[in-house]
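Here my numbering is used: position 34 in the sequence shown is 45, and no number is missing along the way.
Beta carbons are placed, not taken as given, at the ideal position from N, Cα and C, and that holds for glycine.
Accompanying notes for the structure given below.
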Amino acid sequence: RELMNITRKTSKIPVHTSLAKLRNEGADEKKFVCLEEKVSHIYGLAQETFSSAEEDFRARIVMETKKWNYQE
């Protein structure tokens with residue numbers, strides 16, 4: 012924690028530890044946060060093992076075929 016405080020005060024580039032707070036800093040920061048979220052999801056999906064956060068994205072998709080009766 013102490014090291015992060017020193018880094019934030021002396022760094023020449025922005026240092027953030029919260030994407031939620033960074034999102035509210037400005038338009039460019041919001042774009043970065045959106046990109047970071049997408050990249051994180053893609054990375055998670057590429058892993059052999061996954062956490063519960065990625066289970067929704069890995070659910071097996073099943074398509075059912077139905078016969079439709081159209082009356083003209």
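Using the Cβ count rule (16 or more neighbours within 10 Å means buried), how would you classify V26?
Of the residues assessed, V26 falls on the exposed side of the cut-off, its CB having fewer than 16 other CB atoms within 10 angstroms.
When the distance is taken between beta carbons, is V44 closer than 8 Å to L56?
no
Report the rounded CA-to-CA distance for H52 versus T21, giving the unit in angstroms.
32 Å
Coil, strand or helix - S51 by DSSP
helix
Helix or strand or just coil, what does DSSP make of K23?
coil
Cα-Cα separation, I17 to I24
13 Å
Within 7 Å: the Cβ of C45 and any heavy atom of the ligand SAH?
This structure lacks the ligand SAH; in fact it carries no ligand of any kind.
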